[in-house]
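Numbering (my numbering), first residue to last: 1425 to 1788.
A virtual CB, placed ideally from N, CA and C, is assigned to each residue, including glycine.
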């Protein structure tokens, strides 16, 4: 993790910024390998252009910091202490003067911003997000390895669900059974709340699973993921319970064709927006364009929705090491929905698909 701190320190020096005050759980983890949900308490990584970093966290988490491999200063505070005063004291001991500070403007709460203004009167605040996005955009080999393990967990979960689909079972039945089986395997942290949507409910891209029973002729859409060693997976598969009718088969085959086209476009040097357009054109030509109501995908890594946004207006150039999802869908009210989603990493020759669960229409 030291090279990540060094990369941010170098940027601070180039921009004549004396302090990077990083506060989001995801970016603190990226820089330190320490993951913590501090709830209402302060969590921060202080990065300097010419000095060693400081990690600020609740005292109860200091042992975890050490286990994560952090070897620099830690300001651990209990619930009766003021971490802001402790930060001020620590910087004073180092004789650090701050005129320009990089913060996560999209994350920092107003109350905490006001404390920084009090601690550093007259300081100029700049946004750190763009640089942090750039640093996290390209995955190294260890990050890819962790994502592969998370993807394997997602594949395993899909198989558990498919094996347990039966008439009369509800969406929540399947979620509970799958998550129980995964916990028995030691995999418990989901990337987000698992979605299993059946029948007409599957026509809602982010519907609410409930006690809707599975019946013959239903699509069963499953969208799930797991976090392994701090990195997320995200997979969607749609299977058929009973024989599909002509429209259902057409919808499924159209989504699959669009997804494969988007994967094919995903290669270094290509414009990112063309990934969305490749799938959207196929779905539109088949007459279902109005039912594809979201972007083709999103960045993936420490966050389930990382940078970049893979939409048709994104003019960024695809680079080796980028990772994102490809997840076209068609959602027809009162008929049902199909979404097929994979996690990919860009290699020198194209897209490497991390999620491996079969995509051919499974009929149960």
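The region 1693-1702 touching the region 1610-1621, judged by at least three CB pairs closer than 8 Å: no
Just how far apart, CA to CA, sit residue 1445 and residue 1611? 33 Å
Look up residue 1479 in the DSSP assignment and say whether it is helix, strand or coil. strand
Pop quiz: residue 1699 and residue 1764 are said to be a contact at Cβ under 8 Å. What is the actual Cβ separation, rounded to whole angstroms? Not a contact, Cβ separation roughly 14 Å.
Pairs of beta-carbons, one from the region 1436-1456 and one from the region 1524-1534, closer than 8 Å: are there three or more? yes
Could you check how far apart the C-beta atoms of residue 1717 and residue 1676 are, in whole angstroms? I think they sit under 8 Å. Going by Cβ atoms, the distance from residue 1717 to residue 1676 rounds to 17 Å, so no, they are not a contact pair.
Please classify residue 1524: does DSSP put it in a helix, a strand, or coil? strand
Contact under 9 Å by Cβ, residue 1690 with residue 1725: no
Coarse secondary structure for residue 1763, derived from DSSP in three states: In the structure shown, residue 1763 sits in a strand (DSSP, three-state: E or B).
Exposed unless 16 or more other CB atoms sit within 10 angstroms - verdict on residue 1739: exposed
Once DSSP output is grouped into helix, strand and coil, what is the label at residue 1630? In the structure shown, residue 1630 falls within a coil segment according to DSSP collapsed to helix, strand and coil.
Using the Cβ count rule (16 or more neighbours within 10 Å means buried), how would you classify residue 1595? buried
So, with DSSP's three-state summary, where would you put residue 1469? The three-state secondary structure of residue 1469, taken from DSSP, is strand.
Would you list the one or two residues that DSSP bridges to residue 1661? 1646
Just the Cα atoms here: how many angstroms apart are residue 1477 and residue 1583? If you draw a straight line from the Cα of residue 1477 to the Cα of residue 1583, it comes to about 44 Å.
Can you give the Cα-Cα distance for residue 1607 and residue 1727, rounded to whole angstroms? 21 Å
Cα-Cα separation between residue 1664 and residue 1761, rounded to whole angstroms: 11 Å
Measure the CB-CB distance between residue 1752 and residue 1649 and report whether it falls below 9 Å. no
Is residue 1732 helix, strand or coil when you go by DSSP? strand
What is the DSSP secondary structure of residue 1706, counted as helix, strand or coil? helix
Would you mind sorting residue 1564 into buried or exposed? The rule is 16 or more other CB atoms within 10 Å of its CB. exposed
Does the region 1454-1461 come into contact with the region 1574-1591, if we say contact requires no fewer than three beta-carbon pairs (one atom in each stretch) closer than 8 Å? Using a Cβ-Cβ distance cut-off of 8 Å, the region 1454-1461 and the region 1574-1591 are not in contact, since fewer than three pairs of beta carbons, one from each stretch, lie closer than that value.
Assigned exposure category for residue 1782 - 16 Cβ within 10 Å defines buried: exposed
Taking the alpha carbon of residue 1468 as the reference point, which residue from 1475, 1474 and 1460 has its own alpha carbon closest? Nearest to residue 1468 by C-alpha distance, out of 1475, 1474 and 1460, is 1460.
Nearest to residue 1674 by alpha carbon, out of 1643, 1686 and 1521? 1643
Taking the beta carbon of residue 1533 as the centre, do at least 16 other beta carbons fall within 10 Å, making it buried, or is it exposed? With fewer than 16 other beta carbons inside 10 angstroms of its own, residue 1533 counts as exposed.
Quick one: give me the first and last residue of the beta strand (DSSP E) that residue 1497 is part of. 1497-1501
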